[in-house]
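A.B. asks:
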Amino acid sequence: MTDTAAGQIDHVFHERRLFPPPAEFTAKAVIRSQEQYDDLYQRARDDRDGFWKQEAEQHLHWFEPFGEVCKWNAPHAEWFVGGKTNASYNCIDRNIDQGRGDRAAIIWEGEPGDTRTLTYNELKSEVCKCAAALRELGIQTGDVVSIYMPMTPELAIAMLACARIGAIHSVIFAGFSAESIADRNNDAQAKMVITSDGLHRRGKVLPLKVTVDEALEKSPSVQTCLVLRRIGNDDVPMKDGRDVWWHDVVDKQSDDLPAEPLDSETPLFILYTSGSTGKPKGILHSTAGYNLWAKRTFQWVFDHRDDDVYWCTADCGWITGHTYIVYGPLAAGATCLMFEGAPNYPAEDRFWELVEKYKVTILYTAPTAIRAFIKWGDQHVDKHDLSSLRLLGSVGEGINPEAWMWYHKKIGGSSCPIVDTWWQTETGGIMMSPLPGITATKPGSCTQPLPGVVPSIVDETGASVDAEHGGMLCIDQPWPGMLRGVWGDEERFVETYWATVKGKYLTGDNARCDKDGYYWIMGRIDDVINVSGHRLSTIEVESALVSHELVCEAAVVGRPDDLKGQAIAAFVTVTDPNPGEELRQELRMHVRKQIGALAQPDDIRFAAAVPKTRSGKIMRRLLRDIAAGREAAGDTSTLEDYSVLATLREEE
Ligand code: WT7
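Heads up: the sequence shown at position 104 corresponds to 835 in the working numbering, and the numbers run straight through without jumps.
1. Under a three-way DSSP split, which group does Ser1195 fall into?
2. For the candidate residues Leu1281, Arg1290, Lys1343, Lys1295, whose alpha-carbon lies nearest to that of Glu1313?
3. Count the other CB atoms, across all protein chains shown, that sit within 10 Å of the CB of Thr848; report buried if there are 16 or more and exposed otherwise.
4. Less than 9 Å between the C-beta atoms of Gly1212 and Gly897, yes or no?
5. Roughly how many whole angstroms lie between the Cα atoms of Lys1088 and Ile1149?
6. Compute the distance between the beta-carbons of Arg960 and Leu930, then report whether it is under 9 Å.
7. To the nearest whole angstrom, what separates the beta carbons of Arg1315 and Ile1335, a pair I think is in contact under 8 Å?
8. Can you check which of these residues, Met890, Gly1168, Gly1234, Asp845, is closest to Cys1205 by C-alpha distance?
9. Going by the DSSP bridge assignment, what does Gln1297 pair with across the sheet?
10. The ligand WT7: which residues have Cβ under 7 Å from any of its heavy atoms, chain order?
11. According to DSSP, is Ile1335 part of a helix, a strand, or is it coil?
12. How about Met1253 and Gly1311: do their beta carbons lie closer than 9 Å?
13. Does DSSP put Glu1371 in a helix, a strand or coil?
14. Tell me the start and end of each unbroken alpha helix (DSSP H) in the stretch 844-916 that is at least 4 residues and wholly inside, in chain order.
15. With H, G and I counted as helix, E and B as strand and the rest as coil, what does DSSP make of Asn804?
16. When you compare the CB positions of Tyr1095 and Ser1125, do they come within less than 9 Å of one another, or not?
17. In terms of residues, what are the limits of the alpha helix (DSSP H) holding Leu988?
18. Output the distance between the C-alpha atoms of Gly1168 and Val761, rounded to the nearest integer angstrom.
19. As a quick exercise: from Leu988, Asp1113, Val1341, pick the residue whose alpha carbon is nearest that of Ile823.
20. At the level of alpha carbons, what is the spacing between Asp741 and Asp1197?
21. Just list the residues that DSSP pairs Ala1242 with in beta bridges.
22. Could you pull out every residue in the same chain whose Cβ sits closer than 7 Å to the Cβ of Pro796, ignoring the five residues on either side in sequence?
23. Buried or exposed: Asp1247, going by 16 or more other Cβ atoms within 10 Å of its Cβ?
24. On the CB-based measure, 16 or more other CB atoms within 10 Å of its CB, does Ser1195 come out buried or exposed?
25. How long is the line joining the alpha carbons of Leu868 and Val902, rounded to whole angstroms?
26. Here's the rule: buried if 16 or more other CB atoms are within 10 angstroms of the residue's CB, otherwise exposed. What is Asp1307?
27. Leaving out five residues on either side along the sequence, give the residues of the same chain with a beta carbon under 6 Å from the beta carbon of Glu857.
28. Find out if the Cβ-Cβ distance for the pair Ile1093, Leu1061 is shorter than 9 Å.
29. DSSP has Glu1286 in a bridge; who is on the other side?
30. On a Cα-Cα basis, can you pick out the residue from Glu1079, Leu1267, Arg1027 that is closest to Ala1330?
31. Count the C-beta pairs between the stretch 774-787 and the stretch 1161-1176 that are closer than 8 Å, then say yes if the count reaches three, no if not.
32. Under the assumption that Val1272 contacts Gln1297 (Cβ atoms under 8 Å), give the Cβ distance between them as a whole number of angstroms.
33. What is the C-beta distance between Ile925 and Ile870, in whole angstroms, given that I count them as a contact (C-beta under 8 Å)?
34. Which residue wins for smallest C-alpha separation from Leu1023, given the options Ile1161, Thr1099, Asn1131?
35. For the beta strand (DSSP E) containing Ser1017, name the first residue and the last one.
36. Since I believe Ala1242 is in contact with Ile1326 (beta carbons under 8 Å), could you give me their beta-carbon distance rounded to a whole number of angstroms?
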């Protein structure tokens, strides 16, 4: 480890391996030469308005043309001022206009194995019917509709139906509690909730409507609840004058409802994401800029071609599902696989069975899933023919080099490029990623910014720092997909993202940029541990732990220490059923060898699982509290499994 002055982040990412794209991939790629990328990047940076004017004219449908390209009054941006467009039109009608009506838009498989395919023509009929039903039920442009549904085609249909009439959707992941639903309904003043009679989950049925009923007791703004029959559970209580069945109001509608021409900046959706203080914030995205960003980043990063079958394994309850199941791929006319179930039901090979069955060519998933597959064993993968795959993607957190190599070899057969995509709910779409036809990848690095993304690395005062040593990652220029605000909380919007460095968007992540211009995300700013004045990133200590053959997962946090400022606490799950002091010592030495003495964890706790949010992020705030011996504070609505926390406490 390099010894640097206090206050700098020691760069201890030792990854040296370089994986250039296979020549066959490059030959057919959308972006196939460095010059082509350099040209795009430079034009977007040096002539922002000219670049995006051309992109928007070429890649979106306009009912009325826009005037000014970007009105930037930091921190407020308006893109494609005065233009009229519609995200549902861009995702559906435009494909039909261009002759793709009979192409499969969504190939869906339910958890029990039921399937359904919707062509772009069929998707249009369903979306029109749903949009007409929303209108009949009193939903108008600007109204907020909460959507709390299983991963069925109707979830995407409901989102697009809102977009078609200018209603604002707020998708709430169908694992949240009644309390969380009510909070979100109230914050957004939602007028309607769309849900279903139930949800299949690992062979069981979860009563979604019952949860919604509980939430609606505390959601006075909600006037209507639209209920899809998914399970066939007819004894669902339906409240007169409030609850209506989907099949009663949607099915009878006309299948042709013209998309409403909407102003470019019409709010498209709110998506709640947890903040550091615990109270979820409603991230707001608007129509034209977001839709364009979703589409172009999808085309650039996933190198989309007409014959691709693309599968993003996320849930539509997260931004990944919004942008890379619905708005990006559909705007690009792609064929998307949509899956309702879990990766390990009925068995640990379900994903690979799906890849084989549908001949998936592009797979986009998360490191947390990849680590689970590694733990479950290669035999589940070996059963299936994965040769249809040509490109792999990763999102949600840094991918440990160990997991990267397994993904590359075992799933990609050593011949698929991996795109490690860095972005956030707030950014709307991918900001940094390899371009699969040209970027030589380094395991663990999200490599380089996309056209239109101008990053910088600064210190707490906002001054530029030596990028190689790392610091806080900012974005210096507005981009079309950027958030437009925090719903109902201008102060929080300004405070959280724009107050530290004037005019620059503060991502909240730490990053460093190496000599080749490759970015390495080092975790959230809060995740940096300061040990005796040396700054370590949690992910590097976690990666070192995970590289030990007995470790499945690791979560590392800092805890107060009188002597060193902060000490390192690690929570690890291991394959050894009876881990003890010997293994603890071995792991300490392992990290010491991998990174250096400074990074050696002070506490190592063995756990059955590490607590995670439902989107798979480690709940560091809670672990920090546990490590420090404090009661866990703040919002735990996104915690996946409370019992995990209880076990960790008992271990103390
Ligand atoms: C945070 C955003 C991006 C959609 C899903 C999560 C972390 C995300 C990466 C990556 C390292 C990553 C960052 C970011 N993150 N992707 N490829 N490498 N870190 O969206 O819930 O808004 O979380 O996830 O810390 O700020 P989100």
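Using N, Cα and C, we set each Cβ at its ideal position, and we do this for glycine too.
C.D. replies: Put simply:
1. strand
2. Leu1281
3. exposed
4. no
5. 22 Å
6. no
7. 5 Å
8. Gly1234
9. Pro1291
10. Thr1004, Trp1049, Ile1050, Thr1051, Ser1125, Val1126, Gly1127, Glu1128, Gly1129, Ile1130, Asp1151, Thr1152, Trp1153, Trp1154, Gln1155, Thr1156, Glu1157, Cys1177, Thr1238, Gly1239, Asp1240, Ile1252, Gly1254, Arg1255, Ser1346, Lys1348
11. strand
12. no
13. Reliability of the predicted coordinates at Glu1371 is poor, the pLDDT of 48 falling under 50, and no value is obtained from them.
14. 851-867, 884-896
15. strand
16. yes
17. Here Leu988 belongs to no alpha helix (DSSP H), and DSSP marks it neither H nor E.
18. 8 Å
19. Leu988
20. With a pLDDT of 42 at Asp741, under the threshold of 50, the predicted position of this residue should be treated as unreliable, and no value is reported.
21. Gly1202, Ile1252
22. Gly814
23. exposed
24. exposed
25. 19 Å
26. exposed
27. Ile888
28. no
29. Per the sequence shown, the amino acid found at residue 1286 is Ala instead of Glu. In DSSP, Ala1286 forms a bridge with Phe1302.
30. Leu1267
31. no
32. In fact, because the Cβ distance is near 12 Å, the residues do not count as touching under 8 Å.
33. Not a contact, Cβ separation roughly 10 Å.
34. Ile1161
35. 1012-1017
36. The Cβ separation is near 18 Å, so there is no contact.
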